[in-house]
Amino acid sequence: QDVVELEEIQAQREASARNYLEQATLRNEELQERHKALSAQLEEARQEGGVSPALVAELDRYRMMEGTVDATGPGIVITIDDRQQDNRYVGSLSIEYLRRIINTLKFAGAEAISVNGQRIVASTSIVLSGTSTILVNQVPITRSEGIPYEILAIGNQDELLSYFNNLEAPILKQLGMSVTALRKTVQIPSFKGIAPIKEGEI
Numbered sequence: 241q242d243v244v245e246l247e248e249i250q251a252q253r254e255a256s257a258r259n260y261l262e263q264a265t266l267r268n269e270e271l272q273e274r275h276k277a278l279s280a281q282l283e284e285a286r287q288e289g290g291v292s293p294a295l296v297a298e299l300d301r302y303r304m305m306e307g308t309v310d311a312t313g314p315g316i317v318i319t320i321d322d323r324q325q326d327n328r329y330v331g332s333l334s335i336e337y338l339r340r341i342i343n344t345l346k347f348a349g350a351e352a353i354s355v356n357g358q359r360i361v362a363s364t365s366i367v368l369s370g371t372s373t374i375l376v377n378q379v380p381i382t383r384s385e386g387i388p389y390e391i392l393a394i395g396n397q398d399e400l401l402s403y404f405n406n407l408e409a410p411i412l413k414q415l416g417m418s419v420t421a422l423r424k425t426v427q428i429p430s431f432k433g434i435a436p437i438k439e440g441e442i
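Taking the working numbering, the leading residue of the sequence shown gets 241, the next gets one more, and so forth.
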């Protein structure tokens, strides 16, 4: 019975994830179209000698959501430590788990997300290079010292914490990882573009 329930829960999660990704794709297209329209309105207003503060504020908001500008605001800081311990087994954070965490934060309403300093945008790729190096935006994020993973998210702190603590943290902790999630005012850098892939990197 437990196996059946687990399979049903997994199927529901996968269906929810597919539905969310479809909605996210449509929303990203809408954001791009809205950004273009706002930029055109702003340029027209500048030429006419008057710029609406509300228009500028709305354009700034869309730029933040697209990742083209730095973002600062209330949010959460998640740290995940998957380093091996002498006295116990610790599972590694896979790219599948990392992708799922990001999708959960987006579903919780995150307006901006970064992983080890790399801004997450619609074009972001998360892949594995070799056996253990994770690339985000084709940039290695695997750290040799300190806490291996730091994920920042801006948005409603209660919602972000609730979704992460209830949906993702328990699984990571069951694998032996050390996990923290704290409310903070965070600064997230803008998207710097995709780094070129060096020969032999993948």
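Don't be surprised by glycine CBs; every beta carbon is placed ideally from N, CA and C. Computed from a predicted structure; not experimentally measured.
Residue i versus residue j - alpha carbon distance
{"i": "residue 359", "j": "residue 323", "result": "24 Å"}
{"i": "residue 437", "j": "residue 320", "result": "Reliability of the predicted coordinates at residue 437 is poor, the pLDDT of 43 falling under 50, and no value is obtained from them."}
{"i": "residue 410", "j": "residue 365", "result": "25 Å"}
{"i": "residue 354", "j": "residue 273", "result": "24 Å"}
{"i": "residue 310", "j": "residue 350", "result": "15 Å"}
{"i": "residue 363", "j": "residue 331", "result": "28 Å"}
{"i": "residue 334", "j": "residue 392", "result": "18 Å"}
{"i": "residue 442", "j": "residue 402", "result": "At residue 442 the pLDDT is 34, less than 50, meaning the model places this residue with poor confidence; the figure from the coordinates comes in the next sentence. Cα to Cα, the separation comes out at about 36 Å."}
{"i": "residue 396", "j": "residue 390", "result": "18 Å"}
{"i": "residue 314", "j": "residue 426", "result": "6 Å"}
{"i": "residue 379", "j": "residue 312", "result": "22 Å"}
{"i": "residue 419", "j": "residue 337", "result": "13 Å"}
{"i": "residue 277", "j": "residue 293", "result": "16 Å"}
{"i": "residue 318", "j": "residue 371", "result": "24 Å"}
6 Å CB neighbourhood of residue i in its chain, flanking five on each side removed
{"i": "residue 375", "result": "367, 369"}
{"i": "residue 382", "result": "373, 374"}
{"i": "residue 339", "result": "366"}
{"i": "residue 346", "result": "none"}
{"i": "residue 280", "result": "none"}
For residue j and residue i, believed in contact at Cβ under 8 Å, the rounded distance
{"i": "residue 394", "j": "residue 428", "result": "6 Å"}
{"i": "residue 424", "j": "residue 316", "result": "7 Å"}
{"i": "residue 408", "j": "residue 344", "result": "6 Å"}
{"i": "residue 399", "j": "residue 348", "result": "5 Å"}
Among the options, the one whose alpha carbon lies nearest that of residue i
{"i": "residue 325", "options": "431, 417, 389, 377", "result": "417"}
{"i": "residue 373", "options": "388, 414, 398", "result": "388"}
{"i": "residue 328", "options": "390, 335, 419, 415", "result": "415"}
{"i": "residue 377", "options": "356, 313, 403, 277", "result": "356"}
Residues of its chain near residue i, where Cβ-Cβ distance is below 7 Å and the 5 sequence neighbours each way are ignored
{"i": "residue 431", "result": "307, 308, 359, 361"}
8 Å Cβ shell around residue i - same chain, five flanking residues per side excluded
{"i": "residue 405", "result": "421"}
Quick check for students: name the residue ranges of the beta strand (DSSP E) that lie wholly in the stretch 362–386, counting only runs of 3 or more. 366–369, 373–376
Along the chain, which unbroken stretches of the alpha helix (DSSP H) at least 4 residues long are found entirely within the stretch 295–361? 335–347
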